[in-house]
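Using the numbering used here, the first residue of the sequence shown is number 15, and each one after it goes up by one. Glycine included, each C-beta is placed from N, C-alpha and C at the ideal position. Notes for the one structure printed next.
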Amino acid sequence: EVDKYLRHNDFLNLRKKEILYKKWLEDVSDPLLQRIEDKMGSQSSEEIQKRKEEQHSLYLNYRNKKGYVALEDYDPSEYDPLFLNTRTDCWKVSIPTFHDPLLRDVQRKFVETSIIKQCETGRPLSTRELNELSKAKLPLLPLSRQRMDAIEWLKVPYDYIASEVHQMTR
15 EVDKYLRHND
25 FLNLRKKEIL
35 YKKWLEDVSD
45 PLLQRIEDKM
55 GSQSSEEIQK
65 RKEEQHSLYL
75 NYRNKKGYVA
85 LEDYDPSEYD
95 PLFLNTRTDC
105 WKVSIPTFHD
115 PLLRDVQRKF
125 VETSIIKQCE
135 TGRPLSTREL
145 NELSKAKLPL
155 LPLSRQRMDA
165 IEWLKVPYDY
175 IASEVHQMTR
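Structure, rendered in structure tokens:
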């Protein structure tokens, strides 16, 4: 009976993963791939070839005029060899926000935590403050300077030890 239950539980977990993957494909992956394909398809090969030839002719004209071309001493107003590397707007695809099913549980927990903390403190907390609260709190070590920031750490003399034993021997 236990084996039957475990097999059924494994089957349900596998099915849940399959459904999540299917939702992720429909909500995230397929729209993103479609937008990328649309962007890449919007430029014909003739336009791309024309742009390459234009850049090549600019380089040749600059090379013929200057005689020597080096990356250390080029003038971007005359010719910019890094133009294709710095101009990324042709590769950017603007997309709407996705409703990622894989992040839904995390986002729901984050919203619940923010509501709880708002009720406790009486003011809404920023995302950074919530992230700080969500980090695991490590136990304080007896001789450590764990709760100090860098400025406080530098102000404390290096021979200072805040242990009870050391305090009694002083």
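Distance CB(leucine 139)-CB(lysine 131) smaller than 7 Å:
Taking the first residue of the sequence shown as position 1, residue 139 is located at position 125. Taking the first residue of the sequence shown as position 1, residue 131 is located at position 117. Between leucine 139 and lysine 131, the C-beta spacing is below 7 Å.
When you compare only the Cα positions, how much space is there between lysine 36 and glutamate 67?
To locate residue 36, count along the sequence shown from 1; it is residue 22. To locate residue 67, count along the sequence shown from 1; it is residue 53. Distance between lysine 36 and glutamate 67, taken at the CA atoms: about 44 Å.
Where glutamate 61 sits in the DSSP three-state scheme
Your numbering for residue 61 matches position 47 in the sequence shown. Helix, per DSSP.
Using DSSP with H/G/I as helix, E/B as strand and the rest coil, what is histidine 113?
As a working note, residue 113 is residue 99 in the sequence shown. Reduced to three states, the DSSP call for histidine 113 is coil.
Would you grab the beta carbon distance between phenylalanine 112 and aspartate 41 for me? Rounded to a whole angstrom, and I think it's under 8 Å.
Mapped onto the sequence shown, residue 112 falls at position 98. Mapped onto the sequence shown, residue 41 falls at position 27. The Cβ separation is near 6 Å, so the contact holds.
What residue from Leu144, Asp114, Leu116 has the CA that sits closest to glutamate 201's CA?
For residue 201 there is no data in the structure shown, the boundaries of the chain being 15 and 184.
Short of 7 Å in beta carbon distance, which residues of its chain neighbour leucine 116, apart from the five on each side in sequence? Order them along the chain.
As a working mapping, residue 116 is identified with position 102 in the sequence shown. Taking C-beta separations shorter than 7 Å and ignoring five residues to either side along the sequence, the partners of leucine 116 in its chain run Leu34, Trp38, following chain order.
Where the alpha helix (DSSP H) through serine 148 begins and ends:
For the purposes of this step, residue 148 is taken as the residue at position 134 of the sequence shown. Serine 148 -> alpha helix (DSSP H) spans 141-148.
What span of residues does the alpha helix (DSSP H) with proline 45 cover, start to end?
Here the question's residue 45 lines up with position 31 in the sequence shown. For proline 45, the enclosing alpha helix (DSSP H) starts and ends at 44-55.
Which value, in whole angstroms, describes the spacing of the CA atoms of aspartate 44 and lysine 79?
As a position in the sequence shown, residue 44 is number 30, starting the count at 1. As a position in the sequence shown, residue 79 is number 65, starting the count at 1. Between aspartate 44 and lysine 79, the C-alpha separation is close to 49 Å.
Alpha carbon to alpha carbon, how far is leucine 47 from glycine 136?
The residue you call residue 47 lines up with position 33 of the sequence shown. The residue you call residue 136 lines up with position 122 of the sequence shown. Taking the straight line from one Cα to the other gives about 44 Å.
So what's arginine 137 in DSSP terms, helix, strand or just coil?
By one-based count along the sequence shown, residue 137 stands at place 123. Secondary structure of arginine 137 (DSSP, three-state): coil.
Can you tell me the Cα-Cα spacing of aspartate 17 and aspartate 24, whole angstroms?
The count along the sequence shown starts at 1 and reaches residue 17 at position 3. The count along the sequence shown starts at 1 and reaches residue 24 at position 10. In this structure, the straight-line span from the alpha carbon of aspartate 17 to that of aspartate 24 is close to 10 Å.
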